[in-house]
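Asker: The opening position of the sequence shown corresponds to residue 1300 in my numbering, with each subsequent residue numbered one higher.
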Amino acid sequence: MASIPIPRYYRTPIYIPSKNDGCMLEVCLSIPTTISSQPRIYTGVVIAHPYGPLGGSYHNNVVGNLLQWFETYQLQAAIDDSNDSGITATMSSSSASLETGATPAGKKSSKKKHSVPLSCVICAFNFRGCGRSKGRTSWFGGAERDDYQTIVDFLQSGSHSRASPHLGHQDSDIGWSGKVYDDTGRQIDSPRLPFFSRFILCGYSYGGMVASTIPPPLRNPADPSLGHLPTTYILVSYPAGVSWFLTCGAHRSFAKRAREILFQGDPKQETAMMENGERDNESRSESGRDRKNSTIKAYFITGGQDQFTSPNTLLTWLKTNTGLSPPPVPTPRQAKGDGSNIPLTLRRPDGAIHLDVLEDVDHFWLDREQELLDKLQRWWTETHV
1300 MASIPIPRYY
1310 RTPIYIPSKN
1320 DGCMLEVCLS
1330 IPTTISSQPR
1340 IYTGVVIAHP
1350 YGPLGGSYHN
1360 NVVGNLLQWF
1370 ETYQLQAAID
1380 DSNDSGITAT
1390 MSSSSASLET
1400 GATPAGKKSS
1410 KKKHSVPLSC
1420 VICAFNFRGC
1430 GRSKGRTSWF
1440 GGAERDDYQT
1450 IVDFLQSGSH
1460 SRASPHLGHQ
1470 DSDIGWSGKV
1480 YDDTGRQIDS
1490 PRLPFFSRFI
1500 LCGYSYGGMV
1510 ASTIPPPLRN
1520 PADPSLGHLP
1530 TTYILVSYPA
1540 GVSWFLTCGA
1550 HRSFAKRARE
1560 ILFQGDPKQE
1570 TAMMENGERD
1580 NESRSESGRD
1590 RKNSTIKAYF
1600 ITGGQDQFTS
1610 PNTLLTWLKT
1620 NTGLSPPPVP
1630 TPRQAKGDGS
1640 NIPLTLRRPD
1650 GAIHLDVLED
1660 VDHFWLDREQ
1670 ELLDKLQRWW
1680 TETHV
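(1) Could you give the DSSP three-state label for Ser-1414: helix, strand or coil?
(2) So who's on the other strand from Cys-1419, going by DSSP bridges?
(3) Decide if His-1662 is buried, meaning its Cβ has at least 16 other Cβ atoms within 10 Å, or exposed.
(4) At which residue ranges does the stretch 1525-1555 contain complete alpha helix (DSSP H) runs of 4 or more residues, listed in the order of the chain?
(5) Would you identify the three-state DSSP class for Glu-1658, choosing helix, strand or coil?
(6) Grab the span of the beta strand (DSSP E) containing Thr-1601 for me, first residue to last.
(7) With 16 as the cutoff for other CB atoms within 10 Å, does Gly-1355 come out buried or exposed?
(8) Would you call the stretch 1649-1658 and the stretch 1339-1351 touching, i.e. three or more CB-CB distances under 8 Å?
(9) Exposed or buried, which one is Phe-1544 when buried takes at least 16 other CB atoms within 10 Å?
(10) Provide the residue span of the beta strand (DSSP E) that contains Gly-1502, from first to last.
(11) Restricting to Cα atoms, I'd like to know which of Ala-1557, Ser-1496, Leu-1623 and Gly-1477 is closest to Gln-1375.
(12) Is the separation between the beta-carbon of Asp-1452 and that of Lys-1318 shorter than 8 Å?
(13) For Arg-1588, which residues from the same chain have a beta carbon less than 7 Å from its beta carbon, with the 5 sequence-adjacent residues on both sides left out?
(14) Quick one: residues in its chain with C-beta nearer than 6 Å to the C-beta of Ala-1539, no 5 flanking neighbours on either side, listed in chain order?
(15) If you check the beta carbons only, do Lys-1510 and Leu-1517 fall under 8 Å apart?
(16) With a 10 Å radius around its C-beta and 16 neighbouring C-beta atoms as the bar for buried, classify Ile-1487 as buried or exposed.
(17) In the DSSP output, what is Phe-1424 paired with across the bridge?
(18) For Leu-1328, tell me which candidate among Asn-1519, Tyr-1309, Glu-1681 and Pro-1316 has the shortest Cα-Cα distance.
(19) Go ahead and pull the three-state DSSP assignment for Pro-1331.
(20) Strictly by DSSP, which residues pair up with Ala-1377?
(21) For Leu-1671, does the count of other Cβ atoms within 10 angstroms reach 16, so buried, or fall short, so exposed?
(22) Could you say which of Ser-1456, Lys-1412 and Tyr-1503 lies nearest to Asn-1364 if we only look at CA atoms?
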């Protein structure tokens, strides 16, 4: 008789109080069930859903497909040979520096890179007022930012306790309270989580807007000078065209936060330079070299028929807030005269920001989810392996 296969991931609902006001958040926690002798990079993944008052929750088709993709696709990431000893869950905060890729000025790195599988712990959660989360949607989105940050802090709790065992949850700067509850409201033991070496912060529509403002997690909250962990942002159908509506006019503060994260430099200075055309090729090249040392990547994907944000509107937002610009010469796509003036694939010279446009897809991705995942998988392989 054939044996019953053991699922690779186990999903369980838990409830975590938000750092904003203690509002209880419903979380679908997906954790690996198998242990491999092969070294792995432990990775924390957070997925956020569309706007709650318009029906958004983690049961959304895009959120569900992203969750399943992280569970089933064998993600890998390239690391340096010299960091082999630090790719599994470790006790030392310094071991989390394995993917910076930075080398001292004037020296060439002789390190060889190879790919290692990622072992993901995934949280898809409901913002306040959505699903079985308590509370109600806020007017300006600040509470939802805190909700998202709470989930990140929860995932990092294993890293916090190992890096600084003398710090209690209540006495530290960690946004998560340290308490976990079941669906009856009974406090339960917190899951034992590994030391994460990198994070992937995801969001669809409104969830993507919120995710783009969450700073990359620190290697060690007790010592911010160590910098942040390698962090990838996956942002689907970014609602740049209606962000003013989703935040009741507070969209500029969201854009400012996203710019500080995604531009990876002095956002005010670089944006002004780009708008005024004051940067020559040499300064562009130098800036690109500086940004290559960054450990932040962002992947934007949208539909060419998005009902709320056209590709042109999104590109304008990306140009201002991430430095992503279209090529100066017409592309074959432009020459067709179909009303589009951007190519279907666009990336910043340093490769840190990437945009894919699926020309006949709308905002909702119904029956087109697999195409989204195929594009995402291709981009991940090209940029991380």
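We put the CB at the ideal spot given by N, CA and C, even for glycine. The structure presented is a predicted model; accordingly, all values stated were derived computationally and were not measured.
Answerer: The relevant details are as follows:
(1) Along the sequence shown, one-based indexing puts residue 1414 at 115. It is a strand residue.
(2) For the purposes of this step, residue 1419 is identified with residue 120 of the sequence shown, where counting begins at 1. Cys-1419 pairs with Thr-1342.
(3) Residue 1662 sits at position 363 when you count from the first residue of the sequence shown. By the 10 Å Cβ count, His-1662 comes out buried.
(4) 1542-1545
(5) Here residue 1658 corresponds to residue number 359 of the sequence shown, with the count starting at 1. Coil at Glu-1658, not helix or strand.
(6) For this step, residue 1601 is matched to residue 302 along the sequence shown. Unbroken beta strand (DSSP E) run through Thr-1601: 1595-1602.
(7) Walking along the sequence shown from the start, residue 1355 turns up at place 56. Gly-1355 is buried by the Cβ-count criterion.
(8) no
(9) Along the sequence shown, one-based indexing puts residue 1544 at 245. Exposed, since its Cβ has fewer than 16 Cβ neighbours within 10 Å.
(10) Numbered from 1 along the sequence shown, position 203 holds the residue referred to as residue 1502. 1497-1503 is the extent of the beta strand (DSSP E) around Gly-1502.
(11) Counted from its first residue, the sequence shown places residue 1375 at position 76. Minimum Cα distance to Gln-1375 is reached at Ser-1496.
(12) The residue you call residue 1452 lines up with position 153 of the sequence shown. The residue you call residue 1318 lines up with position 19 of the sequence shown. For Asp-1452 and Lys-1318, yes; Cβs fall inside 8 Å.
(13) The count along the sequence shown starts at 1 and reaches residue 1588 at position 289. Any reading at Arg-1588 must be qualified, since the residue scores a pLDDT of 41, below 50, and its modelled position is unreliable; the value itself is stated next. Once the five neighbours on either side are set aside, Arg-1588 has no close Cβ partner at all.
(14) Within the sequence shown, the letter at position 240 stands for residue 1539. Closer than 6 Å at the Cβ level, and outside the excluded window around Ala-1539, lie Thr-1608, Thr-1612, Leu-1613 and Trp-1616.
(15) In the sequence shown, the residue the question calls residue 1510 occupies position 211. In the sequence shown, the residue the question calls residue 1517 occupies position 218. It is worth fixing the name first, because residue 1510 is Ala in this sequence and not Lys. Their beta carbons are not under 8 Å apart, which means Ala-1510 does not touch Leu-1517 by this criterion.
(16) On the sequence shown, residue 1487 is found 188 positions in, with the first residue counted as 1. By the 10 Å Cβ count, Ile-1487 comes out exposed.
(17) The count along the sequence shown starts at 1 and reaches residue 1424 at position 125. Its beta-bridge partners are Val-1326.
(18) Within the sequence shown, residue 1328 is the residue found at index 29, counting from 1. When each option's Cα is compared against that of Leu-1328, the closest is Tyr-1309.
(19) What you label residue 1331 is simply residue 32 of the sequence shown in a count that begins at 1. In this structure, Pro-1331 counts as strand in the three-state DSSP scheme.
(20) Taking the sequence shown and counting its residues from 1, one reaches residue 1377 at position 78. Paired residues: Ser-1414.
(21) Taking the first residue of the sequence shown as 1, we reach residue 1671 at position 372. With 16 or more Cβ atoms within 10 Å of its Cβ, Leu-1671 is classed as buried.
(22) Position 65 of the sequence shown holds residue 1364. It is Tyr-1503.
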